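S.K.: Right, I'll just put the structure down here and ask away after.
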Amino acid sequence: MSSLTMTDEQTSAIRAKVIQPVWVRVMHWTNAVAMILMILSGWQIYNASPLFGFSFPREYTLGGWLGGGLLWHFAAMWLLMVNGLAYLVTGFATGRFRKKLLPITPSGVLHDVRAALTFKLGHDDLTVYNYVQRLLYAGIIVVGVLIVLSGLSMWKPVQLYYLVKLFGDYPTARYVHFFCMAAICAFLVVHVLLAFLVPKSLRAMIIGR
Amino acid sequence: MAKRSFLISGVDKRLLIKDSLKTMPDLTRRRFIAGGASLGALTLLTGCDVVDSSSAEEMLKSVSKFNDAVQAFIFNPDALAPTFPESAITKPFPFNAYYDLDDAPDVDGADWKLEVRGLVDNKKSWTLPELYKLPQVTQITRHICVEGWSAIGSWTGTSLRDFLKLVGADTRAKYVWFQCADKDGYNSPLDMRTALHPQTQMTFKYANEILPRAYGFPMKIRVPTKLGFKNPKYVVSMEVTNDYKGGYWEDQGYNSFSGS
C-alpha cells in the first residue's frame with residue numbers, strides 16, 4: 001500500500017509540473033500550422049481583388065495564383081475548423097478556460113499592462129496567466145470564432161444567409177474577415193516576440209514543462 | 210475610397226486589364242505549389258513531401274473533390290439567394306472576363322441558335338425570337354466573383370428548370386453542360402440540382418434591356434447560388450449529361466461546385 005501511495009505522490013508531483021497538457025500542445029501547434037496556411041493563402045485571395053490600396057507581396061502568398069490560393073485555403077480550413085472546434089470543446093469541458101482565463105478584471109488588466117510596460121511583470125509561475133495574457137488569449141479565441149464565422153458567410157452566403165445577416169451583408173463579412181486576420185497577425189507578432197523573451201514559456205508549449 | 214474596391218475595378222479600363230491579367234493563371238501554374246513550398250512550415254502539414262509540387266497538387270485536388278461533395282450535401286434546393294430592391298443595383302455593373310471587352314464574343318443574334326443536346330426528348334435548336342416568347346421573370350440578386358468582389362444586378366429571363374421540362378430533359382442526369390461562343394471555348398458544368406433551382410435562369414435582359422455584349426449577349430445563364438465563373442455568358446449550347454465534362458476554370462483548379 002505504501003508503495004502505491006508513493007507512486008501517487010510522485011505522479012502528482014510530476015503532474016504539478018506540467019504547465020501545458022498534451023492536448024493543449026498538440027492543438028496549439030496544429031492551429032499554428034493551419035493559421036499560417038490560412039493567412040498566406042488568404043493573402044493570395046485578397047490580392048485578386050484588394051479591399052484597400054495595397055497588395056501582399058507575392059513571396060508571402062501561397063498557391064502561386066488565385067486558384068491555387070483558394071485550393072490551399074479551402075483545404076487548410078478543415079484543419080483549422082476541426083482543430084479549433086476540438087480546442088473549444090476541450091477547453092470548456094476540462095474547465096481550462098474558466099481556470100486559466102477567468103476572471104478578467106479591468107483593474108487587473110490595467111495593473112498588469114502597466115507592469116508589463118515597465119518590465120516588472122513576473123513570469124515565475126507559468127501555470128497562472130497574468131491579466132494581459134488572459135485578455136489576449138480570451139480575445140484571440142473570440143477573434144478566431146469571428147474569422148471562421150465570417151469566412152463561412154463568404155463561402156456559403158446563400159446556404160448560411162443567417163450568418164451573413166449577423167455581419168450585415170456579404171461585403172461587410174469580407175471586411176470583418178480581413179480585420180480578424182489583421183488582429184491575428186498583430187497577436188502573432190506579440191505572441192512570438194514574448195515567447196522568445198520568456199523562453200521557458202516556449203519550452204512549456206513544446207515539452208509541457 | 211471604400212467604393213474603389215469592386216465598383217471601378219470592372220469599369221476603369223486600365224484596372225480592368227490589370228485585373229484580367231491577375232485572374233489569368235500563369236503558365237507556371239502547374240507548379241503553383243512550388244512558390245509556397247519554400248516556407249518550411251508546410252512540411253508539417255502532411256506526410257507527403259510538399260516540395261514535390263505534384264503530390265501536394267494531388268492532395269489539394271482530392272480535398273477540392275471532397276469539398277464538392279460537402280457543398281452538394283449542404284446545398285438546399287429550396288434556399289433562395291437574397292433579392293434586392295432596384296435601388297441596391299450596382300451602377301455601373303462591372304464587365305468581368307479574362308479578356309478585354311473589345312475581345313468579347315460578338316454574336317450575331319439573327320444567326321445565333323441555342324443548341325440543345327444530350328439526354329433530352331426534343332433536340333431542336335432555338336432561335337432568339339423563339340426563346341423570347343417564353344415566360345420571363347426579373348431577379349435582382351448579388352453576383353459574387355471568385356475573386357471576392359460582388360455586385361448587385363438585375364437579370365431577366367426564363368427559368369432554366371421550366372425550359373428543361375419543356376424540352377423533356379432527363380432531370381435525373383447529373384449535369385447540364387454549357388458551351389460558349391468564346392474563341393477558346395469557355396464551358397462550364399452545372400450540377401442538375403442547381404440547374405433545377407427556382408432562381409437559375411436563362412437570361413436575355415440586363416436592367417430590362419436586351420443583354421448587352423458586355424454581359425453575354427445573346428444569352429447568359431444566371432445562377433445566383435454559384436460564383437460568377439459558373440454563370441456562363443455567350444452561351445451557344447447546353448447538353449444534359451451524366452458525364453463530367455470539365456470547364457474552362459474548373460479544369461485549371463477552381464473548385465467545381467463553387468456554390469454559394
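Taken in sequence, the protein lines are chains A and B.
Heads up, the first sequence is in our numbering, so the first residue is 1 and it goes up one at a time.
Heads up, the second sequence is in our numbering, so the first residue is 210 and it goes up one at a time.
For glycine and all other residues, C-beta sits at the position ideal for the given N, C-alpha and C.
Because the structure is a prediction, the values reported are computed rather than measured.
Can you list, in chain order, the residues of its chain with a C-beta nearer than 7 Å to that of E267/B? Leave out the 5 residues immediately preceding and following it.
M.R.: Excluding sequence neighbours, E267/B sits near nothing in its chain.
S.K.: Could you tell me whether any Cβ in chain B is nearer than 7 Å to the Cβ of G67/A?
M.R.: With 7 Å as the cut-off, G67/A counts as an interface residue toward chain B.
S.K.: For the stretch 57–145 of chain A, which segments carrying the beta strand (DSSP E) assignment without a break, of at least 3 residues, lie completely within its bounds, in sequence order?
M.R.: Runs of the beta strand (DSSP E) inside the stretch 57–145 of chain A: none found.
S.K.: What residue from P344/B, S465/B, K392/B and E418/B has the CA that sits closest to T403/B's CA?
M.R.: Closest option to T403/B, Cα to Cα, is S465/B.
S.K.: For chain A, find out if any of its Cβ atoms is closer than 7 Å to the Cβ of T434/B; answer yes or no.
M.R.: Yes, T434/B counts as interfacial toward chain A.
S.K.: Under a three-way DSSP split, which group does M27/A fall into?
M.R.: M27/A falls in the helix class under three-state DSSP.
S.K.: Return no unless some Cβ of chain B is closer than 7 Å to the Cβ of F196/A.
M.R.: Judged by the 7 Å Cβ criterion, F196/A is not in contact with chain B.
S.K.: Please classify D315/B as buried or exposed, where buried requires at least 16 neighbouring CB atoms within 10 angstroms.
M.R.: Looking at its Cβ environment, which holds fewer than 16 other Cβ atoms inside 10 Å, D315/B is exposed.
S.K.: Any idea if D452/B is buried or exposed, counting beta-carbon neighbours within 10 angstroms, 16 or more meaning buried?
M.R.: Looking at its Cβ environment, which holds fewer than 16 other Cβ atoms inside 10 Å, D452/B is exposed.
S.K.: Taking only beta-carbon atoms, is V113/A less than 7 Å away from chain B?
M.R.: No, V113/A does not count as interfacial toward chain B.
S.K.: Under 7 Å Cβ to Cβ from K439/B, same chain only, skipping five residues before and after it: list those, please.
M.R.: Taken in chain order, the residues that qualify are S397, L399, V432 and S467.
S.K.: At the level of alpha carbons, what is the spacing between A297/B and I349/B?
M.R.: Going from the Cα of A297/B to the Cα of I349/B covers about 9 Å.
S.K.: On the DSSP bridge list, what partners appear for Q388/B?
M.R.: DSSP output for Q388/B lists N396/B and S446/B as bridge partner(s).
S.K.: Taking one C-beta from the stretch 383–398 of chain B and one from the stretch 441–448 of chain B each time, how about it: are there three or more such pairs within less than 8 Å?
M.R.: Yes, since at least three Cβ pairs between the stretch 383–398 of chain B and the stretch 441–448 of chain B fall closer than 8 Å, the two stretches touch.
S.K.: Return the first residue and the last residue of the alpha helix (DSSP H) that V190/A is part of.
M.R.: That run of the alpha helix (DSSP H) goes Y170 to L197.
S.K.: Just mark G249/B as buried or exposed, buried being the case when its beta carbon has 16 or more other beta carbons within 10 Å.
M.R.: The predicted model places G249/B with a pLDDT of 39, which falls under 50 and marks its position as unreliable, so this point remains unresolved.
S.K.: Are the stretch 364–381 of chain B and the stretch 332–346 of chain B in contact at 8 Å, needing three or more beta carbon pairs?
M.R.: Verdict: yes, contact present.
S.K.: Between L80/A and A34/A, how many whole angstroms is the CB-CB distance? I'm expecting something under 8 Å.
M.R.: Contact holds; Cβ gap of about 4 Å.
S.K.: Does the Cβ-Cβ distance between V176/A and L135/A come in under 7 Å?
M.R.: It is not a contact, given that the beta carbons lie outside the stated cut-off.
S.K.: R351/B versus chain A: which residues are under 7 Å apart at the beta carbon?
M.R.: Correct list: Y170.
S.K.: Kindly indicate which three-state DSSP category M411/B falls into: helix, strand or coil?
M.R.: M411/B: strand per DSSP, three-state reduction.
S.K.: Alpha carbon to alpha carbon, what distance is there between P338/B and V272/B?
M.R.: Taking the straight line joining both Cα atoms gives about 45 Å.
S.K.: What did DSSP end up calling E459/B once you bin it into helix, strand or coil?
M.R.: The answer is helix: DSSP assigns E459/B an H, G or I state.
S.K.: Taking the continuous alpha helix (DSSP H) assigned at T434/B, which residues delimit it?
M.R.: Taken as a continuous stretch (DSSP letters only), T434/B belongs to no alpha helix (DSSP H), as it is neither H nor E.
S.K.: For R351/B, is the classification buried or exposed, using 16 other Cβ atoms within 10 angstroms of its Cβ as the cut-off for buried?
M.R.: Result: buried.
S.K.: For E295/B, name the three-state secondary structure that DSSP assigns.
M.R.: Here E295/B sits in helix by DSSP.
S.K.: Taking Cβ positions, are L436/B and A382/B nearer each other than 7 Å?
M.R.: Not closer than 7 Å, so no.
S.K.: Which residue comes first and which comes last in the alpha helix (DSSP H) that contains V279/B?
M.R.: Unbroken alpha helix (DSSP H) run through V279/B: S262 to I283.
S.K.: Ends of the alpha helix (DSSP H) at V164/A?
M.R.: From DSSP, the alpha helix (DSSP H) with V164/A extends over Y161 to F167.
S.K.: Would you decide whether P57/A is buried or exposed? Buried here means 16 or more other CB atoms lie within 10 Å of its CB.
M.R.: So P57/A ends up on the exposed side.
S.K.: Rounded to whole angstroms, how far is the Cβ of A288/B from the Cβ of Q159/A, which I believe are closer than 8 Å?
M.R.: Rounded, the Cβ-Cβ distance is 6 Å, consistent with contact.
S.K.: Which residue comes first and which comes last in the beta strand (DSSP E) that contains E324/B?
M.R.: Looking at the DSSP string, the run of the beta strand (DSSP E) that includes E324/B is K322 to G327.
S.K.: Rounded C-beta distance between L40/A and L62/A? I'm assuming under 8 Å.
M.R.: Confirmed, Cβ separation roughly 4 Å.
S.K.: Going along chain D in order, which residues have a C-beta closer than 7 Å to the C-beta of I45/A?
M.R.: The question asks about chain D, but that chain is absent: this structure's protein chains are A and B.
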